């Protein structure tokens with residue numbers, strides 16, 4: 042599949058003051074980078090959203106705690122070990138890595154935010170991480186994004202990087218936004234096994250930055266589904282360095298705020314799309330769009346039922362316009378008093394279902410033509426009101442099963 | 042996998058007055074039976090439960106309607122075509138097959154209950170079914186259960202038959218209960234692509250029979266999950282002929298009622314287990330048992346989160362005790378204020394999780410030993426109250442994807 046909208050990993054990206062280093066710490070993988078250090082300049086504002094899984098990983102607990110200090114200077118990210126399901130030992134390990142970095146960097150442990158992704162339930166190899174920190178600190182550079190995007194991968198097959206430039210109002214300066222993310226399984230609303238790290242050179246007050254991030258995440262990372270599972274480790278971080286020198290954005294409203302929100306929305310959408318495109322075993326990117334629902338909740342329930350259905354997803358894999366499975370998913374979504382006569386379903390612009398069954402004008406060849414595309418939409422009209430929802434999903438392939446059956450062996 | 046508790050299809054079963062015929066109508070398959078006619082004796086009481094999918098199939102609508110007459114004489118069952126998503130034409134087709142049978146059999150269409158299973162969205166081949174009816178009528182016989190259990194199969198790999206004898210109270214006569222069912226995908230609480238037909242020679246008043254069936258279905262067919270999808274066609278039918286000559290069971294209470302309920306509960310459990318064992322691509326039968334929950338709803342939510350998780354199910358397929366995925370599923374089940382320190386998780390009797398992480402006494406080899414079994418339990422203790430729930434599930438294999446990607450091609 043093509044990855045339109047994402048920059049080539051070869052391209053050099055930078056946000057003044059944000060420096061990254063990637064090193065091979067031998068956490069799980071051989072012969073590849075698996076530890077990323079991201080240094081933030083003094084005075085940068087940082088916002089984050091985290092998984093809602095009750096069994097959140099130790100680094101999530103510690104990162105939340107340290108974030109509350111509001112003067113984060115380092116993000117310490119490892120791939121291959123999630124440090125989740127590791128109890129009190131896991132918390133101590135996460136704190137120990139922060140302390141080790143703080144000792145070397147001359148800051149306090151509370152200024153380090155830890156992030157981990159990988160296998161759940163194994164103890165974090167703290168000693169190996171500690172040993173790798175000096176090389177990481179000395180390797181920090183502003184053009185380290187592409188290498189870092191590769192180092193945070195687990196079952197991802199491609200790194201996920203996106204950037205955009207946006208003007209802070211008509212006469213404002215041009216700001217830059219750069220982000221990287223990793224997937225690629227356990228993806229579902231409420232964040233998933235994903236990590237995303239985004240930075241801008243604009244100056245933004247921390248509460249506004251958090252508000253901007255939450256809005257963007259709700260529409261992007263929280264609207265994707267690969268397998269319906271929600272991970273213990275998900276986190277999305279947005280840092281604003283202020284190196285651009287703009288007047289600090291400290292209230293919601295105005296052109297600069299609007300431009301920032303639009304840019305953050307867009308980059309989150311780019312990265313979320315990239316995660317689904319690279320979903321474990323995925324061969325197709327499918328947008329499930331539900332309209333004319335009685336409420337947003339109802340629209341989302343229908344979109345989720347379709348996006349999570351293994352039967353729909355195997356049909357997508359087969360390129361088979363088996364619309365009966367879509368209709369069955371709509372029917373079991375729990376919509377109270379659904380009038381099936383009013384429901385219409387399209388594959389892109391091809392109307393397949395009306396009046397409770399196959400549309401009279403539908404031809405199987407037309408459905409097959411849409412399904413053969415790399416990317417298309419399943420559109421559902423409920424005929425009940427004005428609410429809508431959109432969820433991005435992918436197909437379910439043999440490769441998904443193989444990846445997840447083999448991952449630990 | 043072994044199919045303990047089920048009778049061999051070779052064994053002859055019978056309920057006095059219930060006659061079955063299976064014929065090859067060419068509905069979808071070549072060279073196999075795909076149409077079953079089941080004749081009920083006059084005066085038999087019949088109860089049924091149906092799918093809750095809003096897009097219920099045409100035969101479900103018609104069977105519900107005809108069942109309300111309370112004098113059903115025939116069940117007309119076809120495999121290969123679901124007659125679902127077929128709109129007004131589907132309803133007319135279902136009625137036309139009932140009428141055709143009624144004309145030949147000398148009854149009214151309202152005494153025929155139609156059932157269909159198979160592909161959604163294709164028109165029912167009414168002419169072929171009508172052509173097959175004379176042979177079906179002349180082939181009716183009391184020992185036709187085994188052949189019928191085979192004729193209603195779609196992606197099932199084995200027929201599902203069960204029977205038991207039970208005494209109607211200490212001094213009562215011995216009654217017989219025989220049932221058959223088909224799966225094997227789109228299985229989930231609220232019935233699924235399953236059909237089940239059960240009969241007894243005991244005399245039972247219709248309202249009591251319905252009550253008895255609903256109780257049994259709630260604990261059996263509504264507690265199984267193969268892929269989390271719910272079909273448009275599910276139905277479970279229980280007929281009581283009264284040929285045994287016992288005093289009609291017409292009130293809830295007493296030894297005979299108790300014995301009937303226990304027997305129906307047991308046969309539904311047998312058939313539900315057989316459906317999961319033969320789940321599409323399934324290699325393992327797994328019982329998810331949640332205890333000490335604050336409410337039955339909460340217990341069920343946790344059990345469902347585990348039973349539906351593709352990541353848990355692929356780990357089951359791999360025989361990999363990847364308990365982190367179980368823990369992650371518990372964590373995302375939406376239990377308000379879950380104390381992860383109190384959660385304990387076992388594989389059969391092997392304690393794997395306590396105090397928020399791997400139990401100190403757990404050894405991977407022990408978990409692997411349990412996972413290597415054909416059948417085992419995932420047991421979760423929440424430490425919040427007295428409620429519990431149990432859901433039967435199976436693993437997710439490459440074969441599941443292959444079956445569902447290929448089913449229509």
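Chains as they are written, first to last, in my numbering: chain A, 42 to 450; chain B, 42 to 450. All residues carry an ideal CB built from backbone N, CA and C; glycine is no exception. Quick caveat: nothing in here was measured; it's all calculated off a predicted structure.
**Item:** Opening and closing residue of the beta strand (DSSP E) in which residue 102 of chain B lies
**Value:** Run containing residue 102 of chain B: none in the beta strand (DSSP E); it sits in the alpha helix (DSSP H), 99-108.
**Asked** Does any CB atom of chain A fall closer than 8 angstroms to the CB of residue 19 of chain B?
**Response** Residue 19 of chain B is absent from the structure shown; chain B starts at 42 and stops at 450.
**Message:** Excluding the 5 residues flanking residue 310 of chain A on each side, which residues of the same chain have their C-beta closer than 6 angstroms to its C-beta?
**Reply:** Closer than 6 angstroms at Cβ, skipping near neighbours: 261.
**Asked** residue 261 of chain B touches chain A at which residues, Cβ-Cβ below 7 angstroms?
**Response** Taking the beta carbon of residue 261 of chain B as reference, no residue of chain A falls within 7 angstroms; the closest one sits roughly 19 angstroms away.
**Request:** Spell out whether any CB of chain B is found under 8 angstroms from the CB atom of residue 162 of chain A.
**Result:** Interface criterion met: the Cβ of residue 162 of chain A is under 8 angstroms from a Cβ in chain B.
**Request:** Output the distance between the C-alpha atoms of residue 441 of chain B and residue 317 of chain B, rounded to the nearest integer angstrom.
**Result:** When rounded, the separation of the alpha-carbon atoms in residue 441 of chain B and residue 317 of chain B is 13 angstroms.
**Asked** Quick one: which chain B residues come within Cβ less than 7 angstroms of residue 195 of chain A?
**Response** Residues of chain B passing the Cβ test: none, with the nearest at roughly 13 angstroms.
**Prompt:** Just how far apart, CA to CA, sit residue 222 of chain A and residue 157 of chain A?
**Reply:** Roughly 13 angstroms between the two C-alpha positions.
**Message:** Using a Cβ-Cβ distance cut-off of 8 angstroms, determine whether residue 399 of chain B contacts chain A.
**Reply:** Yes, contact with chain A.
**Item:** Given residue 73 of chain A as reference, the closest of A/135, A/180, A/189, A/111 once Cα atoms are compared
**Value:** Measuring from the Cα of residue 73 of chain A, the nearest candidate turns out to be A/189.
**Request:** Specify the secondary structure class of residue 123 of chain B as computed by DSSP and reduced to three states.
**Result:** Of the three classes helix, strand and coil, the one that applies to residue 123 of chain B here is coil, per DSSP.
**Asked** What residues of chain A sit near residue 394 of chain B, judged by a beta carbon separation below 8 angstroms?
**Response** The contacting residues are 126.
**Message:** So that I know if they touch, is there some Cβ in chain B lying closer than 8 angstroms to that of residue 278 of chain A?
**Reply:** Between residue 278 of chain A and chain B, the shortest Cβ-Cβ separation is not below 8 angstroms.
**Asked** Going along the chain, which residues of the stretch 88-103 of chain A sit with their C-beta nearer than 8 angstroms to a C-beta in chain B?
**Response** Those residues of the stretch 88-103 of chain A that come within reach of chain B (Cβ to Cβ, closer than 8 angstroms) are 93, 94, 95, 96, 97.
**Item:** Given residue 175 of chain A as reference, the closest of A/443, A/418, A/117 once Cα atoms are compared
**Value:** In terms of CA proximity to residue 175 of chain A, A/117 leads the group A/443, A/418, A/117.
**Asked** Mind pulling the chain A residues with CB within less than 7 angstroms of residue 355 of chain B?
**Response** 442, 445, 446, listed in chain order.
**Asked** Should residue 402 of chain A be flagged as near chain B, meaning a C-beta pair shorter than 8 angstroms?
**Response** No - not a single Cβ of chain B is within 8 angstroms of the one on residue 402 of chain A.
**Min CB distance residue 406 of chain A to chain B below 8 angstroms** = For residue 406 of chain A, not one C-beta of chain B is nearer than 8 angstroms to its own C-beta.
**Asked** In its own chain, which residues sit with a C-beta less than 6 angstroms from the C-beta of residue 57 of chain A, not counting the 5 before and 5 after it?
**Response** Within the same chain, residue 57 of chain A has close Cβ partners 242, 284.
**Request:** Under 7 angstroms between beta-carbons, which chain B residues line up against residue 302 of chain A? List them in chain order, please.
**Result:** Annotation: residue 302 of chain A has no Cβ neighbours in chain B at a cutoff of 7 angstroms; minimum Cβ distance is about 29 angstroms.
**Prompt:** Below 8 angstroms between beta carbons: does that hold for residue 331 of chain A and residue 344 of chain A?
**Reply:** In this structure, residue 344 of chain A lies closer than 8 angstroms to residue 331 of chain A by Cβ.
**Prompt:** For residue 183 of chain A, which residues of its own chain have a beta-carbon under 6 angstroms away from its beta-carbon, when the five flanking residues on both sides are left out?
**Reply:** In its chain, beyond the 5 residues on either side, 55, 60 have a beta carbon closer than 6 angstroms to the beta carbon of residue 183 of chain A.
**Asked** Considering only the beta carbon of each residue, do residue 141 of chain B and residue 247 of chain B sit closer than 8 angstroms?
**Response** Taking C-beta atoms as the reference points, residue 141 of chain B and residue 247 of chain B fail to come closer than 8 angstroms.
**Item:** Unbroken alpha helix (DSSP H) run spanning residue 332 of chain A, endpoints
**Value:** Looking at the DSSP string, residue 332 of chain A is not in any alpha helix (DSSP H); the run it does join, the beta strand (DSSP E), is 326-334.
**Asked** Any idea which residues DSSP pairs residue 79 of chain B with across the strands?
**Response** DSSP lists B/61, B/116 as partners of residue 79 of chain B.
**Asked** Near residue 121 of chain B, what residues of its chain come up, given a Cβ to Cβ distance below 6 angstroms and the 5 sequence neighbours on each side ignored?
**Response** Closer than 6 angstroms at Cβ, skipping near neighbours: 68, 69, 70, 75, 159.
**Prompt:** Using a Cβ-Cβ cut-off of 7 angstroms (strictly less than) and excluding sequence neighbours within five positions of residue 143 of chain B, which residues of its own chain qualify?
**Reply:** Residues of the same chain with a CB within less than 7 angstroms of the CB of residue 143 of chain B, apart from the 5 flanking positions on each side, are 149, 150, 152, 153 in chain order.
**Prompt:** Does the stretch 402-410 of chain A touch the stretch 355-374 of chain A, meaning 3 or more C-beta pairs lie closer than 8 angstroms?
**Reply:** Yes, since at least three Cβ pairs between the stretch 355-374 of chain A and the stretch 402-410 of chain A fall closer than 8 angstroms, the two stretches touch.
**Message:** I want to see whether chain B comes within less than 8 angstroms of residue 298 of chain A, judged by CB atoms only; does it?
**Reply:** Cβ-Cβ to chain B under 8 angstroms: no for residue 298 of chain A.
**Asked** Starting from residue 429 of chain B and walking both ways along the beta strand (DSSP E), at which residues does that stretch end?
**Response** Run containing residue 429 of chain B: 428-435, per the beta strand (DSSP E) assignment.
**Item:** Chain-ordered neighbours of residue 391 of chain B on chain A, where CB pairs are closer than 8 angstroms
**Value:** Within 8 angstroms Cβ-Cβ: nothing; residue 391 of chain B doesn't reach chain A, min ~14 angstroms.
**Prompt:** Does any CB atom of chain B fall closer than 8 angstroms to the CB of residue 156 of chain A?
**Reply:** Taking Cβ atoms only, chain B never reaches closer than 8 angstroms to residue 156 of chain A, which makes this a no.
**Request:** Please report how far the alpha carbon of residue 352 of chain B lies from the alpha carbon of residue 358 of chain B, in whole angstroms.
**Result:** The C-alpha of residue 358 of chain B is placed about 10 angstroms away from the C-alpha of residue 352 of chain B.
**Message:** What does the alpha-carbon distance come out to for the pair residue 339 of chain B and residue 265 of chain B?
**Reply:** So the two alpha carbons sit approximately 17 angstroms from each other.
**Message:** Let's see if you can read the secondary structure: which residues bound the beta strand (DSSP E) around residue 394 of chain B?
**Reply:** Membership of residue 394 of chain B in the beta strand (DSSP E) is indicated by the continuous run 391-395.
**Message:** Going by the DSSP bridge assignment, what does residue 203 of chain B pair with across the sheet?
**Reply:** B/220, per the DSSP bridge assignment.
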